[in-house]
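Chemist: First to last, the protein sequences are chains A and B.
Each residue of the first sequence is one higher than the one before, starting from 6 at the first, in this note's numbering.
Each residue of the second sequence is one higher than the one before, starting from 6 at the first, in this note's numbering.
Backbone N, C-alpha and C fix where the C-beta goes; we use that ideal spot for every residue, glycine too.
Quick one: this structure, given as structure tokens, is what I'll be asking you about.
Number of protein chains: 2
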Amino acid sequence: MRKFILYSREGYTSPFKESLLKAGRLDTVYQCILTSMFTSHAIRRENEFHAFLYGRPSPPMHLSIDGSTLFDVRVDEDTWRSIILKVLSGETHPGVSLKKEGIETYAEGLKEIYILSENGVNIDEVEFGDSPAFFLGDSVGLPKKFEGLLVRLGGKKVSIGRKRYLAASTIDIVNYLIDRKESD
Amino acid sequence: MRKFILYSREGYTSPFKESLLKAGRLDTVYQCILTSMFTSHAIRRENEFHAFLYGRPSPPMHLSIDGSTLFDVRVDEDTWRSIILKVLSGETHPGVSLKKEGIETYAEGLKEIYILSENGVNIDEVEFGDSPAFFLGDSVGLPKKFEGLLVRLGGKKVSIGRKRYLAASTIDIVNYLIDRKESD
Numbered sequence: 006m007r008k009f010i011l012y013s014r015e016g017y018t019s020p021f022k023e024s025l026l027k028a029g030r031l032d033t034v035y036q037c038i039l040t041s042m043f044t045s046h047a048i049r050r051e052n053e054f055h056a057f058l059y060g061r062p063s064p065p066m067h068l069s070i071d072g073s074t075l076f077d078v079r080v081d082e083d084t085w086r087s088i089i090l091k092v093l094s095g096e097t098h099p100g101v102s103l104k105k106e107g108i109e110t111y112a113e114g115l116k117e118i119y120i121l122s123e124n125g126v127n128i129d130e131v132e133f134g135d136s137p138a139f140f141l142g143d144s145v146g147l148p149k150k151f152e153g154l155l156v157r158l159g160g161k162k163v164s165i166g167r168k169r170y171l172a173a174s175t176i177d178i179v180n181y182l183i184d185r186k187e188s189d
Numbered sequence: 006m007r008k009f010i011l012y013s014r015e016g017y018t019s020p021f022k023e024s025l026l027k028a029g030r031l032d033t034v035y036q037c038i039l040t041s042m043f044t045s046h047a048i049r050r051e052n053e054f055h056a057f058l059y060g061r062p063s064p065p066m067h068l069s070i071d072g073s074t075l076f077d078v079r080v081d082e083d084t085w086r087s088i089i090l091k092v093l094s095g096e097t098h099p100g101v102s103l104k105k106e107g108i109e110t111y112a113e114g115l116k117e118i119y120i121l122s123e124n125g126v127n128i129d130e131v132e133f134g135d136s137p138a139f140f141l142g143d144s145v146g147l148p149k150k151f152e153g154l155l156v157r158l159g160g161k162k163v164s165i166g167r168k169r170y171l172a173a174s175t176i177d178i179v180n181y182l183i184d185r186k187e188s189d
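In structure tokens form, the structure reads like this:
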């Protein structure tokens, strides 16, 4: 089981009329859902995606997607805008949930923490356990203070190289590298 | 320079009112543009993306994105829906162009062709030249007859593993593997 966790500095926390981009860069959240949860014609049943939204008006909010129960979804942004609006309005969708929780509280419950970072150890040299949790920043990156907490919780910095990829591309790359190890 | 080329069986070839998904799965085209052309806060200036649209009403159409001149863009689906509609309406956008051309004619002008395929040779064993062109199918895959043409043109089948990834994820993985080779 793999968990991908995105810190969204500005993601709106109540229903909105704007596009996902204008709603505090929720387009990044959508793109990460796409690459965390989908392969061609299939849902990654063993994956979870978590976004912690710190935008207006009522941060923090914890949006989570559970691949084991995710249902009735497509891969486009419009579909996910509707689903995000639905859960922000208090409605439910199979495999998608929303609750009032900060990222620190969530992190404290995890056993195997990784922080994607250019100056981490080469990801090829890491032996992952059964339930790795990968933390990613939005376009501004993770707040330093929170990165410090992750390190105190035993989090390891891992690197996929010098280039700075989109958060969604980083997830594609990590999924691929672990898929490859698992099929060896 | 890298070229990514997507065969879009149903992508609409004139302006539409629908979402990209409903316009013949143009959402796949958008997702491939995202992963072909963008890293964090930057455009991949050395990359090109080409989609060949075979949907109604006037196939084929060749939509191309040139990273070296691409300008005034964001990474979300809404932005790209507007740009695609603009060029389908005959207007221009920097780095984006549209012309009436079939994928066979385009392929015949290429020197270094790769076909992403589960039963190709392991991509790690391939030495890429200066200007590799990677062909990807939409959710249905490349038509067999066209794959045959690519092979006759010297195209090599390359594989990133057994799993069938989204076209956009495949592009992320190929970009990553070449980035990694280049930084060695």
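Hey, is F139(A)'s beta-carbon within less than 8 Å of any beta-carbon in chain B?
Modeler: So no, F139(A) is outside the interface.
Chemist: So, is V163(B) buried or exposed, given that buried needs 16 or more other C-beta atoms within 10 angstroms?
Modeler: When all chains shown are included, V163(B) counts as buried.
Chemist: Enumerated in chain order, which unbroken segments of the alpha helix (DSSP H) with a length of 4 residues or greater are wholly contained in the segment 22-82 of chain B?
Modeler: Segments of the alpha helix (DSSP H) lying fully in the segment 22-82 of chain B: 31-42.
Chemist: Is it true that the CB of F57(A) sits closer than 8 Å to the CB of S13(A)?
Modeler: Against a cut-off of 8 Å, the Cβ pair of F57(A) and S13(A) comes out as a contact.
Chemist: Cα separation between T97(A) and K91(A)?
Modeler: Those two C-alpha atoms are separated by around 7 Å.
Chemist: I want to verify the contact list: residues of chain B whose CB lies under 7 Å from the CB of F43(A), in sequence order.
Modeler: L171, listed in chain order.
Chemist: Short check: CB of S144(A) to CB of T40(A), under 8 Å?
Modeler: The answer is no: Cβ separation not under 8 Å.
Chemist: Which residues in the same chain as R86(A) place their Cβ atom closer than 6 Å to its Cβ, once the five residues preceding and following it in sequence are excluded?
Modeler: These residues qualify, in order along the chain: L25.
Chemist: What first and last residue would you give for the alpha helix (DSSP H) that runs through V163(A)?
Modeler: First-last for V163(A): 161-164, but that is the beta strand (DSSP E), not the alpha helix (DSSP H).
Chemist: So which residues on chain A does R167(B) lean against when the C-beta distance must stay under 7 Å?
Modeler: Correct list: S188.
Chemist: With a cut-off of 8 Å, does the C-beta of E132(A) fall near any C-beta of chain B?
Modeler: So no, E132(A) is outside the interface.
Chemist: For a contact defined as C-beta to C-beta under 9 Å, what are the partners of R191(A) on chain B?
Modeler: Here chain A has residues from 6 to 189 only, and residue 191(A) is not among them.
Chemist: Along chain B, in chain order, which residues have C-beta atoms closer than 9 Å to that of I183(A)?
Modeler: None at all; the shortest Cβ gap to chain B is about 11 Å.
Chemist: Is E82(A) close to chain B, meaning its C-beta is less than 8 Å from at least one C-beta of that chain?
Modeler: Yes, because at least one Cβ of chain B sits closer than 8 Å to the Cβ of E82(A).
Chemist: Please report the Cβ distance between H55(B) and K8(B), rounded to the nearest whole angstrom; I am assuming they are in contact, meaning their Cβ atoms lie under 8 Å.
Modeler: With a Cβ gap of about 7 Å, H55(B) and K8(B) count as contacting.
Chemist: Run through the DSSP bridge pairs and tell me what L121(B) is partnered with.
Modeler: Answer is V163(B).
Chemist: Could you give the first and the last residue of the continuous beta strand (DSSP E) run that contains F190(B)?
Modeler: Beyond the ends of chain B as shown, which are 6 and 189, falls residue 190(B); an answer cannot be given.
Chemist: Just the Cα atoms here: how many angstroms apart are V78(B) and V156(B)?
Modeler: One C-alpha to the other measures close to 35 Å.
Chemist: Does the CB of D77(A) have a neighbour CB from chain B at under 8 Å?
Modeler: No, D77(A) lies away from the interface with chain B (no Cβ there is under 8 Å from its Cβ).
Chemist: Could you name the residues of chain B that I89(A) contacts, counting a contact when the two beta carbons are closer than 7 Å?
Modeler: By Cβ distance, chain B contributes nothing, its closest Cβ being about 13 Å from I89(A), past 7 Å.
Chemist: Can you list the residues of chain B that T40(A) reaches, using a CB-CB cut of under 7 Å?
Modeler: Those within 7 Å of T40(A) in chain B are S174.
Chemist: Can you grab the Cα-Cα spacing for the pair P65(B) / I10(A), in whole Å?
Modeler: Rounded to whole angstroms, P65(B) to I10(A) spans 41 Å at the Cα level.
Chemist: Quick one: what's got a C-beta closer than 8 Å to Y170(A)'s C-beta in the same chain, skipping five residues either side?
Modeler: So the list reads I178, once near-sequence residues are dropped.
Chemist: Chain A partners of S24(B), CB-CB under 9 Å?
Modeler: Neighbours of S24(B) on chain A, chain order: D81, E82, D83, T84.
Chemist: Which residues does DSSP list as the beta-bridge partners of I10(A)?
Modeler: I10(A) is bridged to H55(A), F140(A).
Chemist: Count the other CB atoms, across all protein chains shown, that sit within 10 Å of the CB of T18(B); report buried if there are 16 or more and exposed otherwise.
Modeler: Buried, because 16 or more other Cβ atoms sit within 10 Å of the Cβ of T18(B).
Chemist: Could you tell me the boundaries of the beta strand (DSSP E) in which K104(B) lies?
Modeler: Note, K104(B): beta strand (DSSP E), 101-104.
Chemist: What does the alpha-carbon distance come out to for the pair G60(A) and H46(B)?
Modeler: Answer to the nearest angstrom: the Cα atoms are 21 Å apart.
Chemist: Within its chain, find whatever has a CB closer than 7 Å to the CB of I48(A); leave out the 5 residues flanking it on each side and keep chain order.
Modeler: Cβ neighbours of I48(A) beyond the five flanking positions: M42, G72, L75.
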